[in-house]
Structure formats: C-alpha cells, structure tokens
Amino acid sequence: MRSKLIAVAIAAGLGLTSVAASAAPAQSRTAAANNGEIEQLKAQLAALQAKVDELEQRTDAQSEINVSTGQAVEKATNVTAASDKKLAALSKAINNTTLSGKMFFDFTSIDDKNSDKGKSDKSGFGLDVKRFYLGVDHKFNDIWSANLTTDFNYVSNDGQTSVFVKKAYVQGKFDDAAVFRVGSADMPWIPFAEKYYGFRYVENTITDRLKYGNSADWGLHLGGDIGASKSLNYAVSVVNGNGYKNPGRSKGVDFEGRVGFVPFENMVVAVGGYSGNRGQETENIDALHTASRGDFMVAYASKAFRVGAEYFTAKNWNNVRTLSSDKADGYSLWGSVAVADNVNIFARYDNAKLSKTLDSANKDVYYNAGVEYQVTKGFKLAGVWKHGKVEKSVTTPVPPHVQNTKTNEVGVFGEVSF
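Positions -23 to -1, 1 to 395 (mature numbering (1 follows the signal peptide of the UniProt record, and there is no 0)) are the ones given, in order, by the sequence shown.
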C-alpha cells in the first residue's frame, strides 16, 4: 500500500512539474505563483507520506498482535490437549480401580466356664470386630490385574487390635480355566467351603475354626473353571505354609489342592488335600513329621435354602517338630432356609476328635442356630446362639481326669460389605 501511494504522489508531482515547465515561456509572470503551488503540493505530499508511515506502523503493530495472539492460541490449545490427555489417563486409572470392604462384627454375652477353674475372663458382654477387610483391585488390561486386601480385627476379651496384609497378589487371567496369582491369595479349600456355607460372619468353617488350615498364604496359585458349563473346577497352591500372617522363609514349600464337580446348578461335590511342613522347617531346624490333611464336601446353595456337609482328616498337623505322631478328624453339618423375604433361619453342628492317637478324650463339639435378616443390600444382621464344648485329658490337679470347657454365647452378629 505504501509503495502505491508514493508512486501516485510522485506521478502527480511530475505531471504538475511538466505542465509548469511547458507553460513557462507564455506565463513567466505567474512563475512565482506556480512555485508556491508546487511547494504546497510538496507539503501535501510530505503530509501524505507521514500518514502512510503511520498507517504502516499500525499495520505492523497489528501483525505483531495477530502473531502473538496466534501463538497464545496455539499454546493454549497444546495445554488443553495435554490436560485432556492427563484427565483421560486419570479417568482410566479410576475406572479400572475398585475399592471394596467387608466387616464382621458382633455384640454378645459370653459365658465361658472351665470344669476345674470356673468362669474365665472371656465371659461377659462385649463388642467384637472379628474381621474388617479393605481391598483395592486394579485392572491393567483384560489379562493382568493386582489386589491388596488388609485384615483388621478387634476382640474385646483380649483388648487388642491387629492389622495384617491378607492378600497382595498380581493376577493373570489367561482363560476361565487358567487364573494365575503370585503373592498372598486365597487357598484352595477354606474360601471355597465358605462360599457354600454362607454364614462366615457368624462362624468360620470347621477346618478354619479348629486351625487345621489357612484361608490365604504366600506363594503361587493356579485355578479355574473347566468346560462351557463349568461343571469342573480346580485350584492348586504352592506356598510357604505358615499362613498370610507369617510370610517368612522355610526350607521347603507346601502344597494344597482341590477339585470340584458341579453335577447341576448350585450343587458341588469337592475333594481336597494338603501336604507340607507348615513353614516350620528351616535351614537350622528339621521337621520330624509332614503335616497332611484330606478334605471332602458336598453342598447345595441357592437363595431358597442351603445344605451341606464337610469332613476333614489330618495327620501330624500339630506335630511337625515333635517326636510323637498324632491324628485328627471331624465333620460339620449345616443348613438354612428362607422363611420370608430377606429372612433366613439357620443351624450348624460340628464334631471333631482332635487327638485320636495321643489323647482320645480330646474332642470338640460345637453348634449354633439363629435367624438372619437382610437389612439392605450389603448389610445383614443375625440373632445367634452358640454352644461349644472342648474336652481333654489333664494330669493336674490330681488325679488325672478329663477337663472340659463349655462356652455359651448369645447376641447379634452382623456383616457389612461394599
């Protein structure tokens, strides 16, 4: 624009100068006047040039503003894109991570009485939080995931709280028939039996209650469902053997396995077994016996009712480091039925011989009965009565005799899960 304006101005000046020169011979008297007009034209040209310069400066300034604005817009776009990317990654991480929890609690009255010593300090009223599991599960992709589950408990009769890591594993689900876990994870038997029993918040299953098994342990775990109808299931674990609370090293590893057959929906027939030194053999301490356990269960579980029976037999479970050898066995029967919407009645009976070789009088009998009410999803309460009796041979006070401990407990038990 500037060059065009200058060219026009110069052309105009040259044209006027040419006219003035051709008219000089005839109009010499007006030369001074013409010179004045030329000077005026030059002044106008200078003013026009100044305006052109000013316009050019404004144009340059506007160009700089446009460039700065474009850079700012580009920068803002990049920042927005980066923020969107971070938000998308955060959203994906949150969507692939789940938080879960489960609490078992009770408020009861206990009467615990020994035939020789009378009532114990376990007697009385109290609130217990038997278990509070808090779990975090993260899914990396369709195959790999990870889980961390903590285990908190408080028992009023000992006044102590404990916190453990119950589960901490990485999982690879390659197929429904091949789910592999590394770390502390569910063992093959006890969690499986709990699923069919259905009242874990009221009481442990028999092998767990009598301490003849672990619900979780550190090691390698493989399991799954076989077939389109999932009529077969299995689980096998190679573990330290001392339970999830004691992730120490041992000289060898222990093995536990289970195979289940599902003849029709909700029904199962399962067998299982355990073999090892329970983490008690180290480089400096030899095991004198191998602990073993065999398991059998037949059960049915639906919303309408549950019924089941579990049997175990064990050898040297508590005698890995002792010279003497021993055996134990026991069974558990249970059932429940829905009598109304959200209301179930249930009962259970256990009978076990805890030392068949060394103390034939050492027996455990346990039973419970109650009514369960589903308050809302994830929250249920039960009014329960429990009775237990343990007998064993003692040498003091003399003469040798069979001592028994009877425990009666009445109260409210509850489960909260989310």
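All C-beta atoms, glycine included, are put in the ideal place defined by N, C-alpha and C.
Neighbour-count burial assignment, residue i, 16 or more Cβ in a 10 Å radius
i: Ile167; result: buried
i: Pro377; result: exposed
i: Asp172; result: The sequence shown places Lys at residue 172, rather than the Asp named in the question. So Lys172 counts as exposed.
i: Phe395; result: exposed
i: Glu392; result: buried
i: Leu331; result: buried
i: residue 404; result: One cannot answer for residue 404 here, as it falls past the ends of the chain, which runs -23 to 395.
i: Ile183; result: buried
i: Arg158; result: buried
i: Glu31; result: exposed
i: Arg283; result: buried
i: Leu104; result: exposed
i: Leu187; result: buried
i: Lys62; result: exposed
i: Ser(-21); result: Unreliable placement is indicated for Ser(-21), whose pLDDT of 47 sits below 50; the coordinate value is still reported in the next sentence. With fewer than 16 other Cβ atoms within 10 Å, it is exposed.
i: Ser192; result: buried
i: Glu33; result: exposed
i: residue 417; result: Since the displayed the chain opens at -23 and closes at 395, residue 417 lies outside it and no answer follows.
i: Val56; result: exposed
i: Gln39; result: exposed
i: Gly14; result: The identity of residue 14 in the sequence shown is Glu, whereas the question assumes Gly. When all chains shown are included, Glu14 counts as exposed.
i: Ala(-3); result: Bear in mind that the predicted position of Ala(-3) carries a pLDDT of just 39, short of 50, making it unreliable; the figure below should be weighed with that in mind. That one is exposed.
i: Asp341; result: buried
i: Ser206; result: exposed
i: Pro2; result: Its pLDDT being 49, under 50, Pro2 is placed unreliably in this model, and the coordinates cannot settle the point.
i: Glu260; result: exposed
Test: residue i CB closer than 9 Å to a CB of chain B
i: Ser370; result: Structure shown: chain B not included; a single protein chain is present.
Cβ pair residue i, residue j closer than 9 Å
i: Asp185; j: Val216; result: no
i: Ala329; j: Tyr308; result: yes
i: Ala291; j: Tyr189; result: yes
i: Gly285; j: Trp311; result: yes
i: Asn293; j: Asp306; result: no
i: Ala247; j: Arg235; result: yes
i: Tyr221; j: Asp128; result: yes
i: Phe169; j: Gly237; result: yes
i: Ala154; j: Ile203; result: yes
i: Ser344; j: Asp327; result: The question names Ser, yet the displayed sequence has Tyr at residue 344. Yes, these two residues count as a Cβ contact at 9 Å.
i: Val113; j: Thr75; result: yes
Option in the options with minimal Cα separation from residue i
i: Arg177; options: Phe323, Ser370, Glu242; result: Phe323
i: Ala346; options: Lys90, Trp294, Ala338, Asn385; result: Asn385
i: Gly78; options: Ser86, Val316, Leu125, Lys304; result: Leu125
i: Asn321; options: Ser301, Val352, Val56; result: Val352
i: Gly149; options: Val142, Gly112, Ala162; result: Ala162
i: Asp89; options: Arg108, Thr54, Phe102, Asn339; result: Phe102
i: Phe273; options: Ser68, Phe289, Val342; result: Phe289
i: Gly355; options: Thr373, Asn319, Lys383, Val371; result: Asn319
i: Ser301; options: Gln137, Thr267, Ser279; result: Thr267
i: Ser370; options: Leu358, Glu349, Thr334; result: Thr334
i: Glu180; options: Asn339, Gly200, Arg325; result: Arg325
i: Ile108; options: Ala123, Phe141, Asn91, Trp121; result: Note that residue 108 is Arg in the sequence shown here, rather than Ile. Of the candidates Ala123, Phe141, Asn91, Trp121, the one whose C-alpha sits nearest the C-alpha of Arg108 is Phe141.
i: Ser252; options: Phe232, Ile203, Glu260, Tyr350; result: Phe232
i: Gly225; options: Gln257, Ala212, Asn243; result: Gln257
i: Tyr110; options: Lys143, Ile42, Asp341; result: Lys143
i: Leu199; options: Pro165, Ser227, Lys228; result: Pro165
i: Phe84; options: Glu368, Leu358, Val239; result: Leu358
i: Lys228; options: Ile262, Ala212, Leu22, Trp121; result: Ile262
i: Phe390; options: Arg35, Leu22, Phe82; result: Phe82
Whole-angstrom C-beta distance between residue j and residue i, which should lie under 8 Å
i: Gly388; j: Ser86; result: 6 Å
i: Lys366; j: Asn381; result: 6 Å
i: Ala264; j: Val230; result: Not confirmed; about 13 Å, so no contact.
i: Val106; j: Tyr131; result: 5 Å
i: Ser214; j: Leu197; result: 7 Å
i: Ala315; j: Ala281; result: 5 Å
i: Val375; j: Ala338; result: Going by Cβ atoms, the distance from Val375 to Ala338 rounds to 16 Å, so no, they are not a contact pair.
i: Asn210; j: Gly201; result: 7 Å
Closer than 8 Å: residue i CB and nearest the ligand ATP heavy atom
i: Phe141; result: Judged by which ligands are present, the structure shown has none, so any question about the ligand ATP falls away.
* Please determine if the segment 90 to 97 and the segment 110 to 126 are in contact, where contact requires at least 3 C-beta pairs separated by less than 8 Å. => no
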